[in-house]
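K.L.:
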Amino acid sequence: MNVKPRSGRSEGPAGGAAGGPGGPPAVGGPPVTAPAQHGQHPRTKAAQREATVAALITAARELFAERGYAAVATEEIVQRAGVTRGALYHHFRGGKEDLFRAVLVQVSAEIVQRVSQAAGSTEDPWEELVRGSEAFLDACSTPEVQRIVLLDAPAVLGWDVRRAIDADYGLRLLEGALQRAIDDGRMLPGSASAMAHVLAGALDEAAMVVARAEDPGAARAEMSRTIRRLLDGLRGPGA
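If you read the sequence shown in our numbering, its first letter stands for residue 2, the second for the next number, and so on.
This is the structure we're talking about:
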């Protein structure tokens, strides 16, 4: 999860999706821009390269969300992207797995952007945490995020890689929000870093429960109440 950085702080990935226009470069792949419009052709090698990478990420993301990583063949990806198999391996040396990593980074950055926007609707450090947590659970309730981030990412890349991406796209900013809440007396004194790890873990597990639930709506409501009780337990005297 992520929250709104204060003025003067780094905005992190909130300015746009990783690998997308205005966003940070995708991990495991080069910077990405939107593909050329139909009937237009990139005029430089750099633009052509960016358009090819963008087409591959877009095609792979759609297919991974539809059927899952294991059920998608590289041939399907290149056909949908309108490029050759050689182009895929030229830009993503590890093939489908590296391409999946780029997709994961892009989706993760978009989650951070969504959470940042929700948290940014208030100046109250406590409400930032509450609204950011709710926005994170909302984002993780979408089928695309459930399939790519919650279910496939740990299986394909392993938990260490998944957690490293989470740290890059949320944990640092979550820690900053917690520190502001502590400084304002809205939370009990303590280590913001430790709290961030515990809260991030709780949110990830809550999202996983919702993703696997027979009744996602009921599970989402229960997880929301549980996260709120967890936050309430950390309230400071100024809250």
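Beta carbons: idealized from backbone N, C-alpha and C, even for Gly.
1) Helix, strand or coil: which one does DSSP assign to R187?
2) Pairing CB atoms from the stretch 133 to 151 with CB atoms from the stretch 213 to 225, are three or more of them under 8 Å?
3) Roughly how many angstroms separate the alpha carbons of E176 and T45, rounded to a whole number?
4) Nearest to R229 by alpha carbon, out of A55, L204, R86?
5) Using a Cβ-Cβ distance under 8 Å, would L175 count as near chain D?
6) Measuring straight from C-alpha to C-alpha, what distance separates A35 and A208?
7) Considering just the uninterrupted stretch of the alpha helix (DSSP H) at V162, what are its terminal residues?
8) Residue range of the alpha helix (DSSP H) that G87 falls in?
9) Rounded to the nearest angstrom, what separates A212 and L235 at their Cα positions?
10) Rounded to whole angstroms, what is the Cα-Cα separation between A72 and R62?
11) Bridge partners of R236, per DSSP?
12) Pop quiz: L231 and L130 are said to be a contact at Cβ under 8 Å. What is the actual Cβ separation, rounded to whole angstroms?
13) State the Cα-Cα distance for the pair A154 and W160, rounded to the nearest angstrom.
14) Note down, in chain order, each residue of its chain lying with its Cβ closer than 7 Å to the Cβ of S122, except the 5 sequence neighbours on either side.
15) Output the distance between the C-alpha atoms of A136 and V54, rounded to the nearest integer angstrom.
16) So, helix, strand or coil for S142, using DSSP?
17) So what does DSSP say about E176, is it helix, strand or coil?
P.N.:
Once the coordinates are examined:
1) By 1-based counting over the sequence shown, the position of residue 187 is 186. In this structure, R187 counts as coil in the three-state DSSP scheme.
2) yes
3) Position 175 of the sequence shown, counted from the start, is the residue given in the question as residue 176. Position 44 of the sequence shown, counted from the start, is the residue given in the question as residue 45. Rounded to the nearest angstrom, the two C-alpha atoms are 42 Å apart.
4) Here the question's residue 229 lines up with position 228 in the sequence shown. Of A55, L204, R86, the residue nearest in Cα terms is L204.
5) Judged by its chain identifiers, the structure shown contains no chain D, having just a single protein chain.
6) Counting from one through the sequence shown, the residue named residue 35 turns up at place 34. Counting from one through the sequence shown, the residue named residue 208 turns up at place 207. Summary for A35: the model assigns pLDDT 46, below 50, so the residue's position carries little reliability; its value from the coordinates is reported in the next sentence. Going by the C-alpha atoms only, they are around 30 Å apart.
7) Here residue 162 is taken as the residue at index 161 of the sequence shown, counted from 1. Looking at the DSSP string, the run of the alpha helix (DSSP H) that includes V162 is 160 to 167.
8) By one-based count along the sequence shown, residue 87 stands at place 86. G87 -> alpha helix (DSSP H) spans 86 to 92.
9) The residue labelled residue 212 in the question sits at position 211 within the sequence shown. The residue labelled residue 235 in the question sits at position 234 within the sequence shown. Each residue's alpha carbon lies about 27 Å from the other.
10) On the sequence shown, position 71 is the one that residue 72 refers to. On the sequence shown, position 61 is the one that residue 62 refers to. Computed Cα separation, rounded: 13 Å.
11) The sequence position of residue 236 within the sequence shown is 235, counting from 1. Partner(s): M188.
12) Indexing the sequence shown from 1 puts residue 231 at position 230. Indexing the sequence shown from 1 puts residue 130 at position 129. Wrong, their Cβ atoms sit about 10 Å apart, outside the cutoff.
13) Indexing the sequence shown from 1 puts residue 154 at position 153. Indexing the sequence shown from 1 puts residue 160 at position 159. Taking the straight line joining both Cα atoms gives about 8 Å.
14) For the purposes of this step, residue 122 is taken as residue 121 along the sequence shown, with counting starting at 1. Answer for S122: R132, listed in chain order.
15) Start at 1 with the first residue of the sequence shown, and residue 136 comes out as number 135. Start at 1 with the first residue of the sequence shown, and residue 54 comes out as number 53. Going from the Cα of A136 to the Cα of V54 covers about 29 Å.
16) Residue numbering aside, residue 142 sits at position 141 when the sequence shown is read from its first letter. Of the three classes helix, strand and coil, the one that applies to S142 here is coil, per DSSP.
17) Along the sequence shown, one-based indexing puts residue 176 at 175. Note: E176 maps to helix in three-state DSSP.
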